[in-house]
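To keep things clear, I will list the structure first and then write my remarks on it.
Number of protein chains: 2
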Amino acid sequence: MAQHEVCHLKQKKLCLQHLLIIVVSYSTPSVATPPFNVSPLKQVPRFLGKFAGSTKPHSQIQQQAYLYETRYFEQRLDHFSFSEIPKFQQRYLISTEHWIGPQRLGPIFFYCGNEGDIVWFADNTGFVWEIAPEFGAMVVFPEHRYYGESMPYGSKDEAYKNATTLSYLTAEQALADFAVLITDLKKNMSAEDSPVVLFGGSYGGMLAAWMRLKYPHIAIGALAASAPILQFENIVPLEIFYDIVSNDFKRESSSCFSYIKQSWNELTSKGQTNDGLMQLTKTFHLCGELKSSEDLSDWLESAYSYLAMANYPYYAEFLMPLPGHPIREVCKRIDQCPEGTGVLERIYQGVNVYYNYTGQVSCFALDDDPHGMNGWNWQACTEMVMPMSSSQESSMFPAYSYNYSSFLEDCIKNFGVKPRPRWITTQFGGHNIDVVLKKFGSNIIFSGGLLDPWSGGSVLSNISESIVALVTEEGAHHLDLRASTSNDPCWLVKQRESEKQLIRGWISDYYENKKVIFNM
Amino acid sequence: MAQHEVCHLKQKKLCLQHLLIIVVSYSTPSVATPPFNVSPLKQVPRFLGKFAGSTKPHSQIQQQAYLYETRYFEQRLDHFSFSEIPKFQQRYLISTEHWIGPQRLGPIFFYCGNEGDIVWFADNTGFVWEIAPEFGAMVVFPEHRYYGESMPYGSKDEAYKNATTLSYLTAEQALADFAVLITDLKKNMSAEDSPVVLFGGSYGGMLAAWMRLKYPHIAIGALAASAPILQFENIVPLEIFYDIVSNDFKRESSSCFSYIKQSWNELTSKGQTNDGLMQLTKTFHLCGELKSSEDLSDWLESAYSYLAMANYPYYAEFLMPLPGHPIREVCKRIDQCPEGTGVLERIYQGVNVYYNYTGQVSCFALDDDPHGMNGWNWQACTEMVMPMSSSQESSMFPAYSYNYSSFLEDCIKNFGVKPRPRWITTQFGGHNIDVVLKKFGSNIIFSGGLLDPWSGGSVLSNISESIVALVTEEGAHHLDLRASTSNDPCWLVKQRESEKQLIRGWISDYYENKKVIFNM
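For the protein sequence lines, the chains are A and B, in the order given.
Quick note: the first sequence uses full-length UniProt numbering, first residue 1, plus one each step.
Quick note: the second sequence uses full-length UniProt numbering, first residue 1, plus one each step.
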């Protein structure tokens, strides 16, 4: 059968590449801290920070995509007390190239930097750069504190030293950074009356939405893309994230879904046999010998989740270089192996799409999930407590029931910090958001795509006339924020058009109100 | 002339009382810290904290006005970081006497405690207690951190030790205290769906308005009485506070206004003469010898400002026991002295209305303005930077131009802290509030009276359909929050009726929305 031949051919091709290419790792550099002994699947939600490490592998081989200036701004480390602690330098990227200036109240497009190097986010947020000219807008990409170069205490080593130095890594402090930076920028440019529009994706989208809600005097509106602001406590079902990932596979192929669902037990059994770990090491072409089958499970689970997030309709190099509809491709490879191919061999073929689509990897390092002391793990262990379970029935992942006590224990053990699982909803809300925001707030777009597992914790329907949801069935993790391509499907072009139209409406409303007040 | 006789008689009466009555001081206890060497008139706005000191002179002689339970709640000292610092016990007063309970979604009336002992505020906020029964509402009066019994570090001495221990005395932290307390209370009472309505007067009114804006998911609306949220930077003219005080006097009598305006020079000149301070000590019946005429000026300025705030239409014991229309009474005494009475003697007669209306004071202690390390002075030196000037032309006070540098210097000298004069507007807004809130937010009543000098920095006109101003021409400092009396003028009764009606609207809107969502 032709399908089997394809699978066979690909395997051959891979073998050849093993001989030619050096190991290229896209993962963040390992950190010399004790491993974060938490099962990463269930405990720490998969956000994007790891791809935005300061090593910037993509940027090394690419030209800088957009033109901007890099500047630094001195920030208080603690905005909410008057303690005397050292200030830090926040990096931000700025372009006034297309700005029509303060006299004409030229708008300011402000991306709420999230958990990583801001350069990476700027490179991957082409939408903002592309629409700035037609709006005559300034573009600002501020970096989130404790990420990239925006390190308190002078260096990452110092900033990440312990729970005390890390204690100011919170969303509220980051929002206050943004508020202070905008206020200062506007003042320095005599642009106090320029309207600010916020953008953000993923955690950055959460920040954008929260910023509009908390600082309406600073920004007139926010485009919050794939922002799971409801992924807290029990606001949405705990299984929703892994259910969505699973459904993304099932919709492509139910046999693919089944192979994956089967694979966990096989993997565990194999790991328990004599020589089993060595066999797994070989099957999965690992660079070093596998120490526990759990490490391999984590590595696979991670790939599936990221594949769901990056399940875009065309080739993209967002998280990894991936073909269009990458899950379709994964499932094709899993399904199309010759009859008699073992489940684990199939899984290996599938996961290659994620970890080695360009075929440049000769062996895999399994340090995919940085267990070390990274910023997002700290945030997940303090405020960003997003409980997740994996359902026995509907999920293709190993079944798992969220266990707060063990999570708490791990956070104390690893960071010396006690999470505050109810703080985010106390500070930003989330429960009954429809009732709360029906007559409160305005000018927020919650955009998203239903293929994205984070859509499960996002706002998916309009709350009011101007707090709206723009949801696409075929979209994945903030696809709308990416630069346009010639392969953009119609629904994506339309989604972006709607976004532009809404933003244009906010701005002209603002000008209108300004006029009325000025003429009074 | 009859008028002169009255004045004469009163003087006699006073003399008699001198013989009979011991000294009663209504001021806060003196603090063993270096005096706060800032001219209090221009530098630190006059708020109410001093009247709500923990000595509670009024409560000692009065019965507890309302029935409640006193409870304590453990709060984080810093909500916005994960530092390990000791927690503290927040006091709150609670009454569920008239609450219709969680099943019927009985509302919670929550007073945002301000800069003083919460018992005093509870005693002086009869409106909330009076309307609770008809709403079937629970009543909660939480105390503001660092006031009354809600002291971090175990005691006032420890909490007020230095800038480090004081550094968590901020409005943002206080609001977070409220948010956490409400969330916990509701959870413990299974009342998660009970609507919360906020109340507050003066700084407490600012907190109520800000709380509704920042925590719409916690409270459905706020009655912010006499809340000068615009008294920052240059949002309103810097002269407005003292202009309003001055106009309150001028509208009663232009000669009274002139006598007061004249008095400052006379006072200064007198102070510079041989024996002048001793003469002033006698004229003003001071208990101890006057050390500088400025102390006397401060004492007088203070009285005039508080008189304007407490310029109620009937006898009340709010700040001090005062007759109805106390400024009218002051001016009467100033004006009606026999021809030839010196300006300073007239001033003394007038100011007696404020400091000694009950006639129980034999001599005056001049520690009226607590220069020591009190909480409000700290707040004024950190966030609550309310710049004020006194106009040469329109004010009856000594002319003064706001001088930030000298203010800064004094704050550093006295508290070892540098103010952040732009922080409040960055955090809470204020500039262009009409534009900002026109389509953002809902359910806030800004109530106020134009006789109140704090009305100058308050919202005086409707911003949107549900962010409204209820302003009375004859009202003073949050008169509407006081208990009703048989002497209430019609406009006050109406104002309170409107407030109740609006609150009723918020609550039924909330129930309506709940129903719609439940039925979906």
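Glycine included, each C-beta is placed from N, C-alpha and C at the ideal position.
As the structure is a prediction and not an experimental result, all values here were calculated from the model.
Short CB-CB distance (under 8 Å) between B:Q180 and chain A
Note that residue 180 of chain B is Val in the sequence shown, not Gln. At a cut-off of 8 Å between C-beta atoms, B:V180 counts as an interface residue with respect to chain A.
In terms of alpha-carbon separation, which member of B:L213, B:S255, B:G221, B:K291 lies closest to B:I503?
Closest by C-alpha distance to B:I503, out of B:L213, B:S255, B:G221, B:K291, is B:G221.
Classify B:E158 as helix, strand or coil using the three-state DSSP reduction.
The DSSP-derived three-state label of B:E158 is helix.
Beta carbons nearer than 8 Å to chain A: which residues of the segment 74–102 of chain B have them?
From the segment 74–102 of chain B, only D78, H79, F80, S81, F82, S83, E84 have a Cβ closer than 8 Å to chain A.
Can you find a C-beta in chain B that's less than 8 Å from the C-beta of A:N414?
Residue-level contact by beta carbon fails for A:N414 and chain B, as no gap is shorter than 8 Å.
Let me confirm a value: B:T170 is counted as buried when at least 16 other C-beta atoms fall within 10 Å, else exposed. Which label applies?
Within 10 angstroms of the beta-carbon of B:T170 lie 16 or more other beta-carbons, which makes it buried.
Beta-carbon neighbours of A:P398, restricted to chain B and to distances below 8 Å
Within chain B, no residue has its CB atom less than 8 Å from the CB of A:P398, the nearest being about 31 Å off.
What three-state label does DSSP hand B:G457 in the structure shown?
If DSSP states are grouped into helix, strand and coil, B:G457 belongs with the helices.
Indicate whether at least one CB of chain B lies closer than 8 Å to the CB of A:V471.
Taking 8 Å as the threshold, the shortest C-beta distance from A:V471 to chain B does not fall below it.
How should A:Q349 be labelled, buried or exposed, when 16 other C-beta atoms within 10 angstroms of its C-beta is the threshold for buried?
Looking at its Cβ environment, which holds 16 or more other Cβ atoms inside 10 Å, A:Q349 is buried.
Let me know the secondary structure DSSP gives A:F284 once reduced to three states.
In the structure shown, the three-state DSSP call for A:F284 is coil.
For A:C381 versus A:F428, is the C-beta distance shorter than 8 Å?
Cβ atoms of A:C381 and A:F428: not closer than 8 Å.
Going by C-alpha distance, which of A:S297, A:R71, A:T426 is nearest residue 521 of chain B?
Beyond the ends of chain B as shown, which are 1 and 520, falls residue 521 of chain B; an answer cannot be given.
Taking a contact to mean a Cβ-Cβ separation below 8 Å, would you say A:M211 touches A:A227 in this structure?
No, they are not a contact pair.
Measure from the alpha carbon of A:R145 to the alpha carbon of each residue in A:H285, A:V435, A:H79, then state which is nearest.
Ranked by Cα distance from A:R145, the first of A:H285, A:V435, A:H79 is A:H79.
Closest Cβ-Cβ distance between A:G324 and chain B: below 8 Å?
At a cut-off of 8 Å between beta-carbon atoms, A:G324 makes no contact with chain B.
Can you grab the Cα-Cα spacing for the pair A:M151 / A:G204, in whole Å?
Approximately 18 Å, taken between the alpha carbons.
If you run the structure through DSSP and keep just helix, strand and coil, what is A:S390?
It is a strand residue.
Interface residues of the segment 428–459 of chain B facing chain E [CB-CB below 9 Å]
Judged by its chain identifiers, the structure shown contains no chain E, and its protein chains are A and B.
According to DSSP, is A:P421 helix, strand or coil?
The answer is coil: DSSP assigns A:P421 none of H, G, I, E or B.
7 Å Cβ cut-off: residues of chain A touching B:Y168
S81, listed in chain order.
Of all the residues that make up the segment 217–230 of chain B, which are near chain A by a beta-carbon distance shorter than 9 Å?
Taken in chain order, the members of the segment 217–230 of chain B whose beta-carbon sits within less than 9 Å of a beta-carbon on chain A are H217, I218, I220.
For B:G448, the first and last residue of its enclosing beta strand (DSSP E)
It spans 444–449 - the beta strand (DSSP E) in which B:G448 sits, taken as one unbroken run.
Here's the rule I'm using: 16 or more other beta-carbon atoms within 10 Å means buried, otherwise exposed. How should A:L67 be labelled?
Exposed is the call here.
Neighbourhood of A:G430 by C-beta distance below 8 Å, restricted to the same chain and skipping five residues each side:
For A:G430, where only same-chain residues beyond five positions count, the Cβ hits under 8 Å are I229, L230, F232, E233, I235, I424.
Please list the terminal residues of the continuous alpha helix (DSSP H) segment that includes A:R333.
From DSSP, the alpha helix (DSSP H) with A:R333 extends over 326–335.
Judging by CA-CA distance, which residue of B:R251, B:V471, B:M396, B:L408 is the nearest neighbour of B:S258?
Comparing alpha-carbon positions, the option among B:R251, B:V471, B:M396, B:L408 lying closest to B:S258 turns out to be B:M396.
Contact check, B:T283 vs B:L344, beta carbons under 8 Å:
Between B:T283 and B:L344, the CB-CB gap stays under 8 Å.
Separation of B:V361 from B:E339, as counted between CA atoms
Spanning the two alpha carbons is a distance of roughly 27 Å.
Terminal residues of the continuous beta strand (DSSP E) containing B:L267?
No beta strand (DSSP E) holds B:L267; the alpha helix (DSSP H) holding it covers 254–272.
Uninterrupted beta strand (DSSP E) stretches inside the segment 456–487 of chain A (no shorter than 3 residues):
Listed in chain order, the complete beta strand (DSSP E) runs (minimum 3 residues) inside the segment 456–487 of chain A are 467–472.
With 16 other Cβ atoms within 10 Å as the buried cut-off, status of A:G505
By the neighbour-count rule (16 or more Cβ atoms within 10 Å), A:G505 is not buried but exposed.
Using DSSP's beta-bridge definition, name the partner residues of A:Q89.
Partner(s): A:E74.
Considering B:F82, what are the terminal residues of the beta strand (DSSP E) in which it resides?
Per DSSP, B:F82 lies in no beta strand (DSSP E) segment and is marked neither H nor E.
Assumed close pair A:S466, A:S442 - CB separation to whole angstroms, cut-off 8 Å:
The Cβ separation is near 4 Å, so the contact holds.
Where B:E172 meets chain A, residues with beta-carbon distance less than 7 Å
Under a criterion of Cβ atoms nearer than 7 Å, the residues of chain A adjacent to B:E172 are, in order, F80.
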